[in-house]
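Participant:
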Amino acid sequence: MTLIITSTLGNLQEAIGIVLTLEMLVIITVIAIIGVILGALPGVGPALAMALFFPFTFVLPEEQGLVIMAVLYGTTAYGGSISAILINVPGTGGSAATLIDGYPMTQKGDGTKAIGISTFSSFIGAVIGLVLLALFSPILSQWTLQLGPPQIFLMAVLGLCTVSAVSGESVMKSLTAMSLGVFFASIGVDPIRARPRFTFDTLFLQSGIDLIVMLIGIFAISQALKFVLDDDEGANEAENLGGNALDGFKSVAKNKFGAIRGSLIGTIVGAIPGAGMSTANFLSYIVAINSSRNPEDFGTGKEEGVIAAETANNGSTMGALIPAMTLAIPGGAAAAVFIGVMFAYGITPGPEAFEGPLPYVVFTSVLLGDIVFLLFGLFAAKYIAKIVQLPRDVLLSGIVVLALVGSFAMRNNVLDIGAAILFGVLGFALSRRGYSLIAFILGFILAPIAEQNYQRAMLISDGDYSIFVDSWLNILLILTATFLLISPIALRLYRDQNVEVAA
Amino acid sequence: MNDSNPDNHLFRSVIAEFDVILLILFFASMIVVANDYHPVAREFPVLFLKFGLAAMILELIVLILPEQYSQQIQRLTTGLAADMDSEIDLEEEDSISEGEQTAEYKTFALALGLIISFGILSIYISFLLAIPVFVFGSIYLLGSGNFANAAITTAVLLLGIYTLFGQMMNVPVSQGELIDLDPLLRTVLTIGGI
Numbered sequence: 243m244t245l246i247i248t249s250t251l252g253n254l255q256e257a258i259g260i261v262l263t264l265e266m267l268v269i270i271t272v273i274a275i276i277g278v279i280l281g282a283l284p285g286v287g288p289a290l291a292m293a294l295f296f297p298f299t300f301v302l303p304e305e306q307g308l309v310i311m312a313v314l315y316g317t318t319a320y321g322g323s324i325s326a327i328l329i330n331v332p333g334t335g336g337s338a339a340t341l342i343d344g345y346p347m348t349q350k351g352d353g354t355k356a357i358g359i360s361t362f363s364s365f366i367g368a369v370i371g372l373v374l375l376a377l378f379s380p381i382l383s384q385w386t387l388q389l390g391p392p393q394i395f396l397m398a399v400l401g402l403c404t405v406s407a408v409s410g411e412s413v414m415k416s417l418t419a420m421s422l423g424v425f426f427a428s429i430g431v432d433p434i435r436a437r438p439r440f441t442f443d444t445l446f447l448q449s450g451i452d453l454i455v456m457l458i459g460i461f462a463i464s465q466a467l468k469f470v471l472d473d474d475e476g477a478n479e480a481e482n483l484g485g486n487a488l489d490g491f492k493s494v495a496k497n498k499f500g501a502i503r504g505s506l507i508g509t510i511v512g513a514i515p516g517a518g519m520s521t522a523n524f525l526s527y528i529v530a531i532n533s534s535r536n537p538e539d540f541g542t543g544k545e546e547g548v549i550a551a552e553t554a555n556n557g558s559t560m561g562a563l564i565p566a567m568t569l570a571i572p573g574g575a576a577a578a579v580f581i582g583v584m585f586a587y588g589i590t591p592g593p594e595a596f597e598g599p600l601p602y603v604v605f606t607s608v609l610l611g612d613i614v615f616l617l618f619g620l621f622a623a624k625y626i627a628k629i630v631q632l633p634r635d636v637l638l639s640g641i642v643v644l645a646l647v648g649s650f651a652m653r654n655n656v657l658d659i660g661a662a663i664l665f666g667v668l669g670f671a672l673s674r675r676g677y678s679l680i681a682f683i684l685g686f687i688l689a690p691i692a693e694q695n696y697q698r699a700m701l702i703s704d705g706d707y708s709i710f711v712d713s714w715l716n717i718l719l720i721l722t723a724t725f726l727l728i729s730p731i732a733l734r735l736y737r738d739q740n741v742e743v744a745a
Numbered sequence: 011m012n013d014s015n016p017d018n019h020l021f022r023s024v025i026a027e028f029d030v031i032l033l034i035l036f037f038a039s040m041i042v043v044a045n046d047y048h049p050v051a052r053e054f055p056v057l058f059l060k061f062g063l064a065a066m067i068l069e070l071i072v073l074i075l076p077e078q079y080s081q082q083i084q085r086l087t088t089g090l091a092a093d094m095d096s097e098i099d100l101e102e103e104d105s106i107s108e109g110e111q112t113a114e115y116k117t118f119a120l121a122l123g124l125i126i127s128f129g130i131l132s133i134y135i136s137f138l139l140a141i142p143v144f145v146f147g148s149i150y151l152l153g154s155g156n157f158a159n160a161a162i163t164t165a166v167l168l169l170g171i172y173t174l175f176g177q178m179m180n181v182p183v184s185q186g187e188l189i190d191l192d193p194l195l196r197t198v199l200t201i202g203g204i
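As they're listed, the protein sequences go chains Z and V.
For what it's worth, my numbering labels the leading residue of the first sequence as 243, then goes sequentially.
For what it's worth, my numbering labels the leading residue of the second sequence as 11, then goes sequentially.
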């Protein structure tokens, strides 16, 4: 334990030395501002912003590339609240609950104060989430050293089973989306013996589908197609904004318990694979309603509503990195992109990721990015309302061009352009027909981990399946996975039975 | 057509969920394709292909059941996050008419056509020449038709793509299969003193 603490402090010191240079501070400031603006653009969001930016980072040194991705990750989530509050359109899915009370505050003439509340709340949520991330992820990563291939396989299966519980749509469709993700991840060669499968004798498919090309297609191209079909109704002009952003600090200080509660809910929910920002955002909002003495006031411009939503939103972005950095299980879509970034830099999630100062470079730069968004949000957020009202056709053109050039840039392969377009169409079709995209992405990311460890386990046990049930941990993982899989049906049947008994 | 006819209702339900049929066919065909692979190589993906096939067959069965059973099963098999949405009054989307749906399909086809054309043009005439075609095409065919927006967006994207991808990342954004803009760009930059 002493060794871990000493090593952690040493790595943290080295990380601070790397980040606190003029060059890095300029990068962090510029990227944080860009991140806030991108997050405020309706439909862009952290995952898309990171997927679009990622190819640019190739030419940069490893630390700078990771810092850019980490700061983007931390600031785009906050940006979504600006458009939610000022123009009645959530910039990200994680700001949908913010809109419910945030925009009414603007309508009452307190828009700037609402921005102040959301800025401070986001900062608190992000910092509490970051502290928990920095505390728990090194410990969890050390614990994973004790896991063998059977346990890692079962953990990956557990991650896949969460889609059943956290989906907001048909469980059958979510499981199907997850299976599709597994299929596409299987294209190429098998992980142990490199035997080709689903390649249809093409060289391109033998190297498999690139994760970032898939993410660019799923997020950027499909979002562009959605832009074309969704109308602009609901987006209002940024009105004459009254109030003082710094008053937001007083409001948050008055509701500190609510702020801490929202941050903790966000961080914990964010760590659940597949749950995502919008689940955390809404759950915290619902808890705030249920704990309030005046629940009927929610939806009319209640400050507690904005605080609950925004603390959870930003807490969840940090929480999502806990399983991502330790187990390669993404807590949400943006964390999935972050895992792709880690792999691309040759950093394998798990104990290896916590050797050296790199994770602390990530934590430190996220914190500095949060400080930048705090200052920027307080003084400049209302001006962003003008920028985020970019015409949709301009946004569409920009996203498509960046996406397709970026996908080509990954391997300088023209077929990656086609792959990005195909995944874009697939992502669009899946989401329109009620299939969960995060389930698809979870399947894509977890499949190689699950399969590799499954095959290793079978090699160790010489084909004997009892290796998966020979320890209490394995049995616990299997029971938890089974429970998660059947939880929607089981819990509803249980509730129905209680209702009948009560009647 | 008489919608109270149960066969009609069944037919319409199944057609409305054509994605379920497509996926059943897809999963089944991939399972057949995988039969030729080594058992170890196919074991894991085929397991999930079968899983997906089973899920879609169950979904299809639920669709063709009488409505009261279908709704009950759908309620039981919706993810738990849906319960959160029901606790908050969210505005429901208005349903769209058939005419509006046809217009939507046309817009989608046009957008997809533009995106695919951009991809193909980029391969043959380079990204730098394909960008203005795509941007003007999108803004005039799908958007506001505003010349200033189209011109500014084109200029910003050309500069950004050339600088970030072309110069910093050495991605061949000015080269296509049929046209190579590099000599022209070098000349222009030399004249410009850059």
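All C-beta atoms in this analysis are idealised placements derived from N, C-alpha and C, irrespective of residue type, glycine included.
Just so it is clear, the structure is predicted and the values come from calculations on it, not from any experiment.
Run through chain V and tell me which residues come within less than 7 Å of Phe425(Z), C-beta to C-beta.
Facilitator: Those are Met40, Pro55, Phe58, Leu59, listed as they occur along chain V.
Participant: Quick check: the region 358 to 378 of chain Z against the region 552 to 571 of chain Z, are at least 3 beta-carbon pairs closer than 8 Å?
Facilitator: yes
Participant: If you measure from the beta carbon of Glu102(V) to each beta carbon in chain Z, is any gap under 7 Å?
Facilitator: With a pLDDT of 49 at Glu102(V), under the threshold of 50, the predicted position of this residue should be treated as unreliable, though the coordinate-derived value follows. With 7 Å as the cut-off, Glu102(V) does not count as an interface residue toward chain Z.
Participant: Mind checking whether Val604(Z) and Ala312(Z) have CB atoms under 7 Å apart?
Facilitator: yes
Participant: Tell me whether the beta-carbon of Ala662(Z) lies closer than 7 Å to the beta-carbon of Gly459(Z).
Facilitator: Yes, these two residues count as a Cβ contact at 7 Å.
Participant: How many angstroms separate the CA atom of Ile269(Z) from the CA atom of Phe615(Z)?
Facilitator: 14 Å
Participant: Bridge partners for Pro438(Z) per DSSP, in chain order?
Facilitator: Val431(Z)
Participant: Within 10 angstroms of its Cβ, does Ile247(Z) collect 16 or more other Cβ (buried), or is it exposed?
Facilitator: Burial call: exposed.
Participant: May I ask you to report which of helix, strand or coil DSSP gives Ser154(V)?
Facilitator: coil
Participant: Under 7 Å, Cβ to Cβ, is there at least one residue of chain V near Val399(Z)?
Facilitator: Residue contact with chain V for Val399(Z): absent (no Cβ-Cβ distance below 7 Å to any residue of chain V).
Participant: To the nearest angstrom, how far is it from the Cα of Phe440(Z) to the Cα of Gly561(Z)?
Facilitator: 36 Å
Participant: Under 9 Å, CB to CB, which of the residues in the region 684 to 707 of chain Z have a partner in chain V?
Facilitator: Of all residues in the region 684 to 707 of chain Z, the ones placed with a Cβ closer than 9 Å to any Cβ belonging to chain V are Gly685, Ala689, Ala692, Glu693, Tyr696, Gln697, Met700, in chain order.
Participant: Could you give the DSSP three-state label for Gly252(Z): helix, strand or coil?
Facilitator: helix
Participant: Just the chain Z side, please: which residues come within less than 9 Å of Asn47(V) by C-beta, in chain order?
Facilitator: Asn is not the amino acid found at residue 47(V); the sequence shown has Tyr there. Here the neighbours are Asp432, Arg437, Pro438, Arg439, Phe440.
Participant: Would the beta-carbon of Arg437(Z) fall within 7 Å of that of Ala51(V)?
Facilitator: Contact: yes.
Participant: Grab me the residues of Gln185(V)'s own chain with a C-beta within less than 6 Å of its C-beta, minus the 5 sequence neighbours each way, in chain order.
Facilitator: Taken in chain order, the residues that qualify are Ser136.
Participant: Whole-angstrom Cβ separation of Ile324(Z) and Ile357(Z), contact assumed at under 8 Å?
Facilitator: 7 Å
Participant: Look at the Cβ atom of Gly322(Z), then the Cβ atom of Gly344(Z), and state whether they are nearer than 7 Å.
Facilitator: no
Participant: With distances taken Cα to Cα, identify the nearest neighbour of Ala570(Z) among Ile279(Z), Gly401(Z), Val301(Z).
Facilitator: Minimum Cα distance to Ala570(Z) is reached at Gly401(Z).
Participant: I want to verify the contact list: residues of chain V whose CB lies under 7 Å from the CB of Arg535(Z), in sequence order.
Facilitator: Below the 7 Å Cβ cutoff, chain V contributes no neighbours of Arg535(Z), its closest Cβ being approximately 18 Å away.
Participant: Looking only at its own chain, which residues have a Cβ that is under 7 Å from the Cβ of Pro297(Z), when we skip the five neighbours before and after it?
Facilitator: Gly648, Ala651, Met652
Participant: Out of Leu735(Z), Gly619(Z), Met420(Z), which has the shortest C-alpha to C-alpha gap to Phe491(Z)?
Facilitator: Gly619(Z)
Participant: I'd like to know if Leu389(Z) contacts chain V, where contact means its C-beta is closer than 7 Å to some C-beta of that chain.
Facilitator: Not closer than 7 Å to any Cβ of chain V, the Cβ of Leu389(Z) fails to qualify, so no.
Participant: Among the residues of its own chain, which have a CB less than 7 Å from the CB of Pro433(Z), if the five just before and after it don't count?
Facilitator: Pro690, Glu693, Gln694, Gln697
Participant: Starting from the beta carbon of Asn654(Z), find every residue of chain V whose beta carbon is closer than 8 Å, and list them in chain order.
Facilitator: The contacting residues are Val181, Pro182.
Participant: By Cβ distance below 8 Å, which residues in the same chain neighbour Ile189(V) in space, the five residues on each side in sequence not counted?
Facilitator: Tyr134, Ile135, Ser136, Leu139
Participant: Residues of chain Z with a CB under 9 Å from the CB of Ala119(V): which are they?
Facilitator: Residues of chain Z passing the Cβ test: none, with the nearest at roughly 10 Å.
Participant: When you compare each of Leu721(Z), Ile728(Z), Phe725(Z), Met700(Z) to Glu53(V) by their alpha carbons, which one comes out closest?
Facilitator: A check of alpha carbon separations from Glu53(V) across Leu721(Z), Ile728(Z), Phe725(Z), Met700(Z) identifies Met700(Z) as the nearest.
Participant: Quick one: grab the DSSP three-state call for Ser406(Z).
Facilitator: helix
Participant: Would you say Ser154(V) and Pro633(Z) are within 7 Å of each other, going by their C-beta atoms?
Facilitator: yes
Participant: By how many angstroms is the C-alpha of Val511(Z) removed from the C-alpha of Gln82(V)?
Facilitator: 28 Å
Participant: I need the DSSP call for Asp712(Z), collapsed to helix, strand or coil.
Facilitator: Three-state result, Asp712(Z): coil.
Participant: Whose Cβ in chain Z lies nearer than 8 Å to the Cβ of Leu209(V)?
Facilitator: What the structure shows of chain V is the stretch from 11 to 204, and residue 209(V) is not part of that stretch, so it cannot be assessed.
Participant: Round the Cβ separation of Val579(Z) and Ala293(Z) to the nearest angstrom and send it over; I've been treating them as touching at under 8 Å.
Facilitator: A Cβ-Cβ distance of about 5 Å is found for the pair Val579(Z) and Ala293(Z), placing them in contact under the 8 Å criterion.
Participant: Could you give the first and the last residue of the continuous alpha helix (DSSP H) run that contains Val636(Z)?
Facilitator: 634 to 653
Participant: Is there a Cβ from chain V that is less than 7 Å from the Cβ of Thr553(Z)?
Facilitator: no
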